[in-house]
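The structure appears right after this line, and notes come after that.
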Amino acid sequence: VSETSALPKFSAEQLTANINYLTHKYPLLADTLQLDSAHTRIDVDEIGFKHGDEYRLSIDQQVVSASPLSSSVSYIKQSSIQARKLRMAVLSTVYSPATPLHLAELIHRRDACIISSCLECFDKPLDLYREAHRGISRHIYINGSALLPFFLFHYQTQIEQKVFHSITISECNPAYLAFALGFFSFEALTANLQRLGVRLNLLFDNDIDILKDRFYHYYSAVEPLAVYALSVLNSPVRDPQLDELYSWIFSESGFGYRFRGAFGNSTDELNQFSNTYKNIRASSTSRWFKVNKNLIKTGYCALVGSGPSYETSKTDLQALNSHVVVFAAGSSLGSLLRDKVKVDYVVILERSETIFDDLSVLLNEGYRLDDINLIASITIDPRVPSLFASTTFYARPLSASVYLVANPEDKALPFAGPESLNAGIEVVTSLGLKNVLLFGADFAAIDPNLPRARQAYGYSDRIFDEPVIGNMGRTVYSVHTLLVSRDAFSSIINSFPELTVVRVGEGAQLFSSITNCPSLSPSFLKNVESVSSTDTLLEVSQFLNTLPLVDNVDSALHHVKELISLLPLYRNEVLEAFNNLDPFDSPSLHLFEKKYITLLCEDANPARSALLRLTRPILLAVIGLLVNAMPPQVSSISPLLSNSIRSSLEIFFSSVECYLSRYVADA
Amino acid sequence: MTLLKRNLELLYATNTRLKGKIDENQISQHCFTPQEVENIETKFLGDYLSTLDKRVVKHATFFPRNTRSIDDWSETYGSKYAEEKVVPLEFSEYYRLHDDIHAYRSMSSIARILADIGYDPTDTISMACKNIHTLIAFGTGSGIELKSLIRTFQPRNLIVIVSDWNEFTSSFSYLDWEQLWQLFTSDTRLPRIHLVRSESENQTFIECCHFGILSLNHAHVYIADNISSKLRMWSDALFGSRVGNSVIYTGYTVDEYNMLINTVQTLRASERMFSTSVTLPLCDHAIVCASGPSLDNSISILSEASKSSLVVCGGSSIRSLLKHGIRVDVLCLMERDHEVYDAYYQLAQELDLSSTTVVMSTTCDPRIPALFPRSVLFFRPALSPLSIFCRDPQEILPCEGPEAINTAFSFVCQLGIPNITLFGCDLGSALAERDRSVDAAAFTHRHWDRKVPGNLSPEVFTNKAMLDVAEVLTACADMYGQNATIRNASDGVMIKGIDPIHPTDISTLLTTNQSPPVSLVEWYRRLPAILTSRTYSSWRAAAIRKECESLCNDLLTLFAQSTVSTIYETSESLCNILQLDGSINEQYPKRVVRSTLFKAFLTVMQQYEIMRKSAEGNAQFIQFYDRSLAVMRNVTIAVRREVFDLCDTIENELLRAS
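Protein chains in written order, with my numbering: chain A, 2 to 668; chain B, 6 to 663.
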């Protein structure tokens with residue numbers, strides 16, 4: 002852009018033409034805009050004295066925004082420098098070189114990504130990768146539609162040269178969108194971008210929380226490769242609500258951890274798969290969890306987490322022990338046993354073998370577990386069930402391991418995680434319990450040096466360094482992983498409108514309609530004390546003892562074999578894309594990326610979907626790295642990187658094949 | 006190769022653009038004998054040391070240093086914030102305070118430490134000794150003098166400022182700049198030498214602060230004989246009030262808290278946000294009133310003129326007009342003081358405010374909007390609420406202070422009204438015994454200590470504060486009133502750039518076709534609405550708790566790692582951490598804590614310069630420094646807690662509202 006005067010001009014006729022077009026193609030969006038134009042007047046006045054570079058945007062003659070367009074123009078001119086980059090740092094752990102034989106050694110590790118060990122040219126590309134990200138990325142996110150016309154105008158040459166692979170715009174205010182649509186023909190734009198193979202996506206919603214969800218779903222389901230290098234352009238002229246979205250995008254406790262958490266990591270997926278197979282084969286007496294679609298209206302249950310507030314609220318719990326069904330979530334079992342609280346059920350999620358060691362410590366201290374019922378993920382350490390009176394397994398719907406479970410619909414919790422306490426609330430609600438008391442469900446700590454209940458089993462290495470508002474209206478310390486758990490916990494409660502939740506103790510604020518109190522009132526205690534837990538326990542047990550696990554053994558083996566047979570085909574598909582990749586050719590890269598986006602999307606075929614879940618974290622990481630380090634940013638390392646990643650993936654697939662074959666051999 | 010040639014080669018190698026721009030013939034090639042050099046050095050150092058008080062920069066003092074200041078200090082703070090009252094002080098008690106009690110508390114603690122270790126607080130004598138913090142050289146002269154200063158005082162940092170590169174190259178025959186560069190860069194991550202050509206007084210001062218504003222404390226200043234007169238003049242800034250103001254004007258902690266609380270509440274209490282772009286033609290003529298004594302002589306004229314003019318009052322003058330039945334369309338306010346509310350509450354009980362729209366800063370008392378039928382908010386350009394809640398630069402009212410008359414005048418200029426006349430904008434008085442309009446609201450005590458040329462009278466009484474007001478009015482007229490004809494009908498200070506007019510001549514400005522200002526309501530309707538959801542979004546986006554936690558952790562680490570031997574380094578790191586040039590979200594917690602920590606650390610540095618003159622003092626300082634650092638750690642921890650309390654208070658308020 003040489004002169005501001007060369008900028009496109011707003012035209013009311015253009016806006017009307019766009020609305021007409023949208024009415025046919027995207028009626029919902031058009032309705033929003035039509036509504037405004039029918040009932041209110043949208044005015045865009047040029048008010049600049051010197052260069053015609055100021056405008057006033059009004060709805061019904063009330064000014065919505067009045068800013069110089071020149072700020073948008075100068076922003077766009079500087080955008081390659083000013084735009085913040087979103088970069089997922091999955092490839093951050095460097096291992097010593099590993100071969101397929103070492104794969105077994107990596108099992109039970111908690112590390113993020115085993116493939117990085119195979120990248121022999123790892124150090125060099127990473128440096129160049131950083132270099133590559135000095136310029137504007139292939140994937141563009143525009144926060145605020147008012148910037149779109151200026152982006153299109155300034156980058157028209159690059160758009161024609163197919164530099165960009167995707168352009169996504171968020172908007173929550175129809176006036177700004179109307180403003181943007183007054184500058185260009187939407188029909189012509191979509192046709193042109195379609196011709197060039199550039200994906201255009203408009204995320205529009207008045208509710209900022211829904212917009213966050215749409216952003217998350219778009220980038221996790223449709224455009225996952227983009228998050229490894231996404232240029233985020235923040236429109237200087239925007240609705241203030243978009244500031245919240247912008248801040249959330251760059252927050253670990255916002256988009257970052259949620260995205261990474263949703264994809265998991267391949268080591269974890271393989272270990273979960275392994276444990277599931279072993280549990281199905283080994284547990285002759287265990288049962289499957291069965292979701293109860295009806296409410297258990299009588300009685301109370303207590304769900305106990307290992308947050309530090311447990312220490313101040315445990316006397317209430319002790320007082321009510323015989324009147325409520327007690328569900329211990331994970332490590333809180335240690336506190337409860339040591340405080341002599343009778344536990345009816347313990348809900349465990351984590352697959353780590355350290356759980357078995359932690360429980361052994363309790364046994365060595367003389368506590369009994371054989372009068373407690375275990376409700377656990379099918380992915381847990383297979384040694385754990387034998388320690389408890391009975392075991393009921395639930396399936397994790399987002400894990401590859403769910404493929405080994407026959408008819409998983411009724412056996413899976415909604416999300417099963419990410420923490421035991423989340424699994425706990427999902428168990429309680431899936432059982433149909435209506436009255437829930439929460440103890441130690443803090444997701445935070447008042448004192449960051451005292452982050453959990455004193456006698457909870459195991460240990461936590463979390464550093465509580467994120468101050469947030471607490472449920473008692475004062476600041477508490479949390480950590481981004483727990484804040485994501487908190488959000489998931491809130492959404493489970495919100496999805497059960499008939500649920501009555503009383504939360505005892507101080508912690509992070511839940512975004513749910515519940516009662517918060519530092520301790521239970523005498524009248525409430527009296528009320529609960531008038532109820533016996535016996536009937537509730539009986540009803541609960543009905544749903545935990547119906548489906549024997551042993552029925553699944555043959556089908557699980559069959560599924561493993563099916564995966565092994567499908568693997569070569571899948572591997573060829575993954576590697577085939579490399580054959581047609583010319584690292585110096587932008588259109589070829591475009592095709593390569595498109596191919597991978599298709600490959601990374603969920604598949605209707607359950608076996609293929611399971612393979613995808615096992616391998617997707619790695620594919621996402623390395624292919625994301627590759628496509629975003631390619632020309633025009635960096636050309637010299639591209640062939641090296643491309644070859645290295647291809648051979649790394651070959652090794653990885655061999656490893657997976659070896660790994661799965663072992664189960665068949667054992668069987 | 007001669008030293009001159011080597012230096013020139015080095016210069017051209019590092020800055021190729023200078024090639025051809027240096028007049029090499031101007032560089033003295035005169036060879037002094039070693040004896041001559043020694044004589045020059047001896048004479049120079051003798052002169053330098055005998056006039057040291059004019060060579061060393063004095064920063065502001067925030068610590069009571071003599072019996073009188075200790076008494077004054079106790080009178081101001083002691084009775085109000087005696088320690089037993091302030092520790093612990095509930096956060097809610099800060100609300101409505103206007104004193105810098107955080108600085109007071111840290112100074113009290115530091116004073117106690119000094120008393121504990123038995124050092125006389127009235128000892129303010131420091132001596133020139135080696136290992137100084139910073140040497141600032143304006144020009145380099147022949148190089149002989151500068152070299153002798155560097156050798157004698159062994160500064161940690163060297164700043165060289167020139168107005169012309171020839172003022173730098175003049176030293177090339179005697180100073181080995183490559184060697185000097187190595188001296189100031191070899192043992193450090195960042196260069197401790199800063200060489201720059203300055204183009205203005207402002208830039209000169211900023212360059213002097215290159216190593217942080219605290220590094221100016223006890224900085225030695227060398228002014229070469231051969232520098233330009235303008236550079237010599239710019240160097241004066243180091244010996245005026247600007248050095249002290251650089252710390253004094255960093256605001257204070259309680260004020261930052263209260264400004265934010267007020268902003269959140271006023272955003273809830275008001276419906277419209279000011280926007281410089283909404284310029285509906287209200288009318289052809291606007292009257293802007295202040296409460297100078299000459300306002301009373303113009304009442305009858307104003308009564309007539311108001312019929313066809315927009316009447317805008319800056320603060321207290323509203324009462325003088327309303328009391329005489331003159332309609333006031335707009336009242337402009339900018340002060341945060343809660344007494345302002347009391348004054349207008351009284352006014353609302355006494356007179357009818359139903360035709361007046363209040364235009365006020367977001368930081369004003371949040372109860373004020375309820376007294377008026379319409380309220381419009383604007384952001385003040387230099388205050389922190391801007392960094393959190395303002396997303397459109399047009400919501401900022403420029404040149405809005407230091408007095409409400411500035412707000413009123415700037416507001417009218419922004420409306421785009423073609424004719425503006427000032428009344429009662431005396432900024433002083435033609436008569437020494439009168440200081441304001443008889444019927445003006447509230448009470449303001451003015452003391453006149455200067456005489457300056459008047460607007461209608463030959464000479465009038467005024468003071469420095471009022472002249473500052475005049476200066477901003479001039480700047481505002483210059484920047485924003487270019488399309489308007491602005492006149493001053495006040496019998497007070499002559500305001501540069503605004504033509505005088507006798508009040509009786511005002512009728513010539515009023516034409517018959519002027520419409521009454523009925524469109525004010527329409528203007529109000531067109532302004533952007535203030536929505537709670539947007540305020541909340543801006544607040545959430547700012548993530549103040551997170552930024553505060555991160556800042557406080559940096560500060561606590563800095564204080565934990567500091568020792569006497571790294572005191573200068575610590576001061577520089579402190580300035581770096583508290584710099585406001587980061588992202589806008591990082592700014593608020595920095596603004597909250599910076600004044601208190603700057604004042605505390607500056608006091609400690611000043612004490613260092615005093616105590617290190619003797620071996621005993623040096624030993625005592627180690628203890629003093631460690632304990633003072635603990636005070637600063639405690640201040641940081643306390644402020645962090647308070648910022649969290651502030652966030653809780655605000656969030657609970659906002660959450661309740663949404």
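We put the beta carbon where it would ideally sit given N, CA and C, even for glycine.
#1: List the residues of chain B that GLY259(A) touches, going by C-beta distances under 8 Å, in chain order.
#2: Output yes or no for whether 8 Å exceeds the beta carbon distance between ASP169(B) and SER233(B).
#3: Among residues of its own chain, excluding the 5 on either side of ILE410(B), which ones have a beta-carbon nearer than 6 Å to its beta-carbon?
#4: Along the stretch 545-564 of chain B, where does the CB come closer than 7 Å to a CB of chain A? Name the residues.
#5: At a CB-CB cut-off below 7 Å, which residues of chain B make contact with ASP244(A)?
#6: Since I believe SER314(A) is in contact with SER520(A) (beta carbons under 8 Å), could you give me their beta-carbon distance rounded to a whole number of angstroms?
#7: Just confirm the distance between the C-beta atoms of PHE384(B) and THR361(B), as a whole number of angstroms; I'd bet it's less than 8 Å.
#8: Would you kindly report the start and end of the unbroken beta strand (DSSP E) that includes ALA330(A)?
#9: Does the beta carbon of GLU253(A) sit closer than 8 Å to a beta carbon anywhere in chain B?
#10: So who's on the other strand from ARG614(A), going by DSSP bridges?
#11: Take every Cβ of the stretch 168-178 of chain A, pair it with every Cβ of the stretch 239-251 of chain A, and state whether three or more of those distances are shorter than 8 Å.
#12: Would you mind sorting HIS140(A) into buried or exposed? The rule is 16 or more other CB atoms within 10 Å of its CB.
#13: For PHE187(A), which option in SER232(A), LEU526(A) and LEU23(A) has the closest C-alpha, if you only look at C-alpha atoms?
#14: Answer yes or no: do TRP239(B) and GLU206(B) have a C-beta to C-beta separation smaller than 8 Å?
#15: Between ILE624(A) and LEU226(A), is the Cβ-Cβ spacing less than 8 Å?
#16: Closest Cβ-Cβ distance between ASP653(B) and chain A: below 8 Å?
#17: Is ILE130(B) buried or exposed, if buried means 16 or more other CB atoms sit within 10 Å of its CB?
#18: Could you name each continuous alpha helix (DSSP H) segment of 4 residues or more that falls completely within the stretch 215-286 of chain B, going from the start of the chain to the end?
#19: In three-state terms, what does DSSP make of CYS602(A)?
#20: Within 10 angstroms of its Cβ, does SER275(A) collect 16 or more other Cβ (buried), or is it exposed?
#21: For a cutoff of 8 Å on Cβ pairs, would you count ARG504(A) as touching chain B?
#22: Interface residues of chain B around ILE209(A) at Cβ under 7 Å?
#23: Check whether the Cβ of LEU420(B) lies closer than 7 Å to any heavy atom of the ligand SAH, and answer yes or no.
#24: Excluding the five sequence neighbours on either side, which residues of its own chain have a C-beta within less than 8 Å of the C-beta of VAL665(A), listed in chain order?
#25: Since PHE649(B) meets chain A, which of its residues come closer than 8 Å, beta carbon to beta carbon?
#26: At least one CB of chain B closer than 8 Å to the CB of SER232(A): is that the case?
#27: Run the CB neighbour count on ASP240(A), radius 10 Å, all protein chains shown included, and call it buried at 16 or more, exposed below.
#28: If the cut is a Cβ gap below 7 Å, which residues of chain A does GLU656(B) touch?
#29: Distance check for PRO386(B) and LEU461(B), CA to CA, integer angstroms please.
#30: How is SER619(B) classed by DSSP in three states: helix, strand or coil?
#31: Measuring alpha carbon to alpha carbon, tell me which residue in CYS652(B), SER578(B), MET264(B) and TYR593(B) is nearest LEU563(B).
#32: Taking 8 Å as the CB-CB limit, is SER359(B) close to chain A?
#33: Work out the CA separation of SER280(B) and PRO505(B) for me, nearest whole Å.
#34: I'd like to know whether the C-beta of SER248(A) is nearer than 8 Å to at least one C-beta of chain B.
#35: Under three-state DSSP, which class holds VAL363(B)?
#36: Along chain B, in chain order, which residues have C-beta atoms closer than 9 Å to that of VAL519(A)?
Let me lay it out:
#1: Residue identity differs from the one stated: residue 259(A) is Arg in this sequence, not Gly. The contact set of ARG259(A) on chain B, defined by CB atoms closer than 8 Å, is empty, because the minimum CB distance reaches about 17 Å.
#2: Yes. Within cutoff.
#3: Excluding residues within five positions, the ones whose Cβ falls inside 6 Å are ALA295, GLY319 and CYS430.
#4: Against chain A - using a Cβ distance shorter than 7 Å - the residues of the stretch 545-564 of chain B are ARG545, ALA546, ALA548, ARG550, LYS551 and GLU554.
#5: Chain order gives the chain B residues near ASP244(A) as ARG396, SER542, SER543 and ALA546, where near means a beta carbon separation below 7 Å.
#6: Between SER314(A) and SER520(A) the Cβ distance is about 6 Å, and since that is below 8 Å, they are a contact.
#7: For a cut-off of 8 Å, the C-beta gap from PHE384(B) to THR361(B) is around 22 Å, too long to register as a contact.
#8: Unbroken beta strand (DSSP E) run through ALA330(A): 325-330.
#9: Not closer than 8 Å to any Cβ of chain B, the Cβ of GLU253(A) fails to qualify, so no.
#10: DSSP, once it has assigned bridges, lists no residue as partnering ARG614(A).
#11: Touching, yes.
#12: Buried, by the Cβ-count rule.
#13: The residue with the shortest Cα to Cα distance from PHE187(A) is LEU23(A).
#14: One thing to note: TRP239(B) has its Cβ within 8 Å of the Cβ of GLU206(B).
#15: Contact flag set, yes.
#16: Interface residue, yes.
#17: ILE130(B) should be labelled exposed.
#18: Whole alpha helix (DSSP H) segments, 4+ residues: 234-240, 247-253 and 258-274.
#19: Three-state DSSP puts CYS602(A) in coil, outside helix and strand.
#20: Classification of SER275(A): buried, given that the 10 Å Cβ count is 16 or more.
#21: Answer no: the Cβ-Cβ gap between ARG504(A) and chain B never drops below 8 Å.
#22: SER542, listed in chain order.
#23: This structure does not include the ligand SAH; it has no bound ligands of any sort.
#24: The beta carbon of VAL665(A) sits closer than 8 Å to those of LEU558, VAL561, LYS562 and ILE565, all from its chain and outside the five residues before and after it, given in chain order.
#25: Those within 8 Å of PHE649(B) in chain A are PRO468, ARG475 and THR476.
#26: SER232(A) is outside the set of residues whose beta carbon lies under 8 Å from a beta carbon in chain B.
#27: Buried.
#28: Within chain A, the residues near GLU656(B) are ILE470.
#29: Each residue's Cα considered, the two are about 33 Å apart.
#30: DSSP, reduced to helix, strand and coil, places SER619(B) outside both helices and strands of the structure shown, so it counts as coil.
#31: Considering only alpha carbons, the answer is SER578(B).
#32: Contact of SER359(B) with chain A is not assigned, every C-beta pair being separated by 8 Å or more.
#33: Distance between the alpha carbons of PRO505(B) and SER280(B) is about 30 Å.
#34: Yes, SER248(A) lies at the interface with chain B (some Cβ there is under 8 Å from its Cβ).
#35: VAL363(B): strand per DSSP, three-state reduction.
#36: With the sequence shown as reference, residue 519(A) is identified as Pro, and Val is not the correct amino acid for it. The premise fails here: PRO519(A) is roughly 16 Å from chain B at the closest Cβ pair, so nothing lies under 9 Å.
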